[in-house]
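Data first, discussion second: the structure below is written as structure tokens.
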Amino acid sequence: MRTPKLLRTQAFRIVGIYLAIFAVSTLALVGFVYWNTSLVLDRETDETIEAEITGLEEQYSTLGLPGVTDAIIGRSARREQGIYLLANSNRRVLAGNLDGWPQVSTTNGGFVEFRYERRIGNAAQLRSARGRIITLTQGFYLLVARDVEERRVLENVFKTALLWGAGLMIVLGLVGGLLVSHNFLKRLELINRTSRQIMGGDLSLRVPVTRAGDEFDDLSLHLNRMLDRIERLLHGMREVSDNVAHDLRSPLNRLRNRLELAAMRQPADSETARDFDAAVQETDRLIGTFNALLLIAEAEAGSVRETMHNLSLGDVIEGVGELYGPLAEEKQLRFVVKKAADAGFIRGNLNLVSQALANLVDNAIKYTPPGGTVVVSLENNPSGPALVVADNGPGIPAQDRARVTERFVRLESSRNSPGTGLGLSLVAAVARMHDAELSFDDNQPGLRATLSFKRVPEGTRPGKAAPAREVVSEPVH
Ligand SMILES: Nc1ncnc2c1ncn2[C@@H]1O[C@H](COP(=O)(O)OP(=O)(O)OP(=O)(O)O)[C@@H](O)[C@H]1O
Ligand SMILES: [Mg+2]
């Protein structure tokens, strides 16, 4: 079972630890005072008892049994708190203010504690007493005790109060802890929420700063300053890449066109024409790499978030299917496009998602040998819609699946096919931007690439989805 978030906060833990230390030290202090007080009071009682015993013993030794009996009778009549009892060896009471020899419960350093009955008016009351029993010569027993009922009652009141106090302290401490952590969490959640939104691509957002001027405000201010700096850096970088893009793309295109023109001016089938053609292809690859790098940078900069809207993956798969069907046919591949009924909408950028799917389909067509099959499908999973491209080509070994999404990574087995190793990097960047998950599995044989998206919650959709339709295009063999 998971503990509630409030109880897991650092603030609650600190309050808890503080409360425990406070409770233990308070209880220890109160306990010590209590223990010390009762010790002093007990000692006082014991000393009085000792003094009385000494007096009575003297009476006994000087005046014998009648003397001590008289003294006991006298003291019994005088003292409210005093209990005196003289008994013979059979514990038969000879004199004193108790009816019978008491049932002694505890013995402690020669002292005993017992309960006795005292008559107040007509009612008999059971009370506590503490005293000492000594044996006189000739087998007589002498008991001298004091009534300690009031003290015991007070002790009990004290103990109960201590228990209640401790309980109340824990309850109040918990309530205080909860309040403090709630406040703590509220401030943290504000920072977390803003951070999430910023990570989502809105770099212009800032963490709110209150007027409290506390540590949270310090933290928020520092975060905001850091964000300012990151934004400035990013802005600078974007400017540079934009300039590079602008300044390099057009000359590259011009170069390509000139090469093409030059090639056309050569007699067909001449060596120079072939050289020019090769140069045009090389320039095309260069432009392709350049565009892919710019697109990845753009996708990763997060600015595409602003261009996202609700889009249907059905439209994406249809567009890509139409575009790649003929290419697959040319390579003599069976090309199947499957669309699940009402897969829902996702939030995304149509161009980027289409480009990502196109890259996956391009790979499948490129790496699957002729006669193979490429299946592009839109699945409607419980977690959300997913684009799946499955082929029965050579596949990607499990140990290489993580690194193929890195820039310029191409597997040894694909050295002979054209490519720059940027296709899957773009797919991964698009997936990241869309909170989607890109995974590769074994299609036994072949590769099964899945792009799983999060569905846009029902109700926020732009009207009803188009009726389900299965588009199947197959190449001519
Ligand atoms: N469907 C697939 N079957 C087998 N291997 C694959 C498949 N898709 C990708 N790969 C391997 O992963 C590597 C990286 O793919 P990626 O798309 O990033 O680059 P590329 O296809 O080589 O070049 P580009 O897509 O930039 O033209 C490929 O070189 C290839 O080795
Ligand atoms: Mg590729």
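Per our numbering, numbering through the sequence shown is continuous, rising by one, with the last residue being 826.
Glycine is no exception: its CB is placed at the ideal position from the N, C-alpha and C atoms.
Please read all numbers here as calculations on a predicted model, not as lab measurements.
Hey, residue i and residue j: beta-carbon distance below 8 angstroms or not?
i: residue 483; j: residue 445; result: no
i: residue 736; j: residue 754; result: no
i: residue 827; j: residue 750; result: Because the chain is modelled from 350 through 826, residue 827 falls outside the range shown and cannot be assessed.
i: residue 702; j: residue 779; result: yes
i: residue 398; j: residue 481; result: yes
i: residue 485; j: residue 409; result: yes
i: residue 355; j: residue 527; result: yes
i: residue 565; j: residue 360; result: no
i: residue 641; j: residue 625; result: no
i: residue 692; j: residue 727; result: yes
i: residue 734; j: residue 684; result: no
i: residue 766; j: residue 687; result: no
i: residue 805; j: residue 639; result: no
i: residue 744; j: residue 721; result: no
i: residue 442; j: residue 453; result: no
i: residue 729; j: residue 689; result: yes
i: residue 517; j: residue 379; result: no
i: residue 668; j: residue 783; result: no
i: residue 680; j: residue 719; result: yes
i: residue 590; j: residue 644; result: no
i: residue 580; j: residue 552; result: yes
i: residue 479; j: residue 418; result: no
Would you kindly report the start and end of the unbroken beta strand (DSSP E) that includes residue i?
i: residue 687; result: 683 to 688
i: residue 729; result: 722 to 730
i: residue 434; result: 431 to 436
i: residue 797; result: 796 to 801
i: residue 788; result: 786 to 791
i: residue 735; result: 733 to 740
i: residue 445; result: 442 to 445
What separation, rounded to the nearest whole angstrom, lies between the Cα atoms of residue i and residue j?
i: residue 821; j: residue 588; result: Its pLDDT being 35, under 50, residue 821 is placed unreliably in this model, and the value from its coordinates should be taken loosely. Their backbone Cα atoms lie some 44 angstroms apart in a straight line.
i: residue 657; j: residue 739; result: 27 angstroms
i: residue 799; j: residue 705; result: 11 angstroms
i: residue 569; j: residue 682; result: 57 angstroms
i: residue 436; j: residue 414; result: 11 angstroms
i: residue 514; j: residue 504; result: 15 angstroms
i: residue 389; j: residue 450; result: 28 angstroms
i: residue 358; j: residue 536; result: 12 angstroms
i: residue 576; j: residue 586; result: 15 angstroms
i: residue 403; j: residue 424; result: 14 angstroms
i: residue 542; j: residue 787; result: 25 angstroms
i: residue 614; j: residue 761; result: 39 angstroms
i: residue 758; j: residue 594; result: 23 angstroms
i: residue 562; j: residue 539; result: 16 angstroms
i: residue 724; j: residue 717; result: 12 angstroms
i: residue 474; j: residue 464; result: 10 angstroms
i: residue 785; j: residue 520; result: 46 angstroms
i: residue 796; j: residue 763; result: 14 angstroms
i: residue 817; j: residue 699; result: Low confidence applies to residue 817: its pLDDT is 36, below 50, so where it sits in the model is not reliable enough to give any reading.
i: residue 366; j: residue 508; result: 25 angstroms
i: residue 487; j: residue 371; result: 59 angstroms
i: residue 392; j: residue 362; result: 44 angstroms
i: residue 381; j: residue 447; result: 35 angstroms
i: residue 619; j: residue 637; result: 27 angstroms
Taking residue i as part of the alpha helix (DSSP H), name the residues at either end of that continuous run.
i: residue 397; result: 359 to 427
i: residue 600; result: 564 to 614
i: residue 670; result: 662 to 679
i: residue 706; result: 699 to 716
i: residue 756; result: Per DSSP, residue 756 belongs to no alpha helix (DSSP H) and is neither H nor E.
i: residue 693; result: Here residue 693 belongs to no alpha helix (DSSP H), and DSSP marks it neither H nor E.
i: residue 653; result: Residue 653 -> no alpha helix (DSSP H), and no H or E assigned at all.
i: residue 776; result: 772 to 782
Whole runs of the beta strand (DSSP E) within the stretch 462 to 521, excluding any shorter than 3 residues: Taking only runs of at least 3 residues, the beta strand (DSSP E) segments lying wholly in the stretch 462 to 521 are 472 to 484, 490 to 496.
Any 3 or more C-beta pairs closer than 8 angstroms across the stretch 596 to 609 and the stretch 629 to 636: A contact exists between the stretch 596 to 609 and the stretch 629 to 636.
At least three beta-carbon pairs within less than 8 angstroms, the stretch 377 to 390 to the stretch 553 to 560: Short answer: they don't touch.
Contact the stretch 605 to 614 vs the stretch 657 to 673: 3+ CB pairs below 8 angstroms: Contact fails: fewer than three Cβ-Cβ distances are below 8 angstroms.
contact_flag[the stretch 705 to 719, the stretch 672 to 679] where n(CB pairs < 8 angstroms) is 3 or more: They touch, by the three-pair rule.
Meets three-Cβ-pair contact criterion under 8 angstroms: the stretch 428 to 437 and the stretch 477 to 497: Look at the beta carbons and you see the stretch 428 to 437 touching the stretch 477 to 497: at least three pairs across the two are nearer than 8 angstroms.
Cβ contact (3+ pairs, closer than 8 angstroms) linking the stretch 520 to 538 and the stretch 468 to 477: These segments do not touch.
Sufficient close CB pairs (3 or more, under 8 angstroms) joining the stretch 374 to 383 to the stretch 537 to 552: Result no; under three Cβ-Cβ pairs closer than 8 angstroms.
Touch test, the stretch 638 to 651 against the stretch 774 to 793, Cβ-Cβ under 8 angstroms, three pairs minimum: Note that the stretch 638 to 651 touches the stretch 774 to 793; at least 3 beta-carbon pairs, one per stretch, sit closer than 8 angstroms.
Distance cut 5 angstroms, beta-carbon to ligand 3 heavy atom: residue list by chain order: The model on display carries ligand 1 and ligand 2 but not ligand 3.
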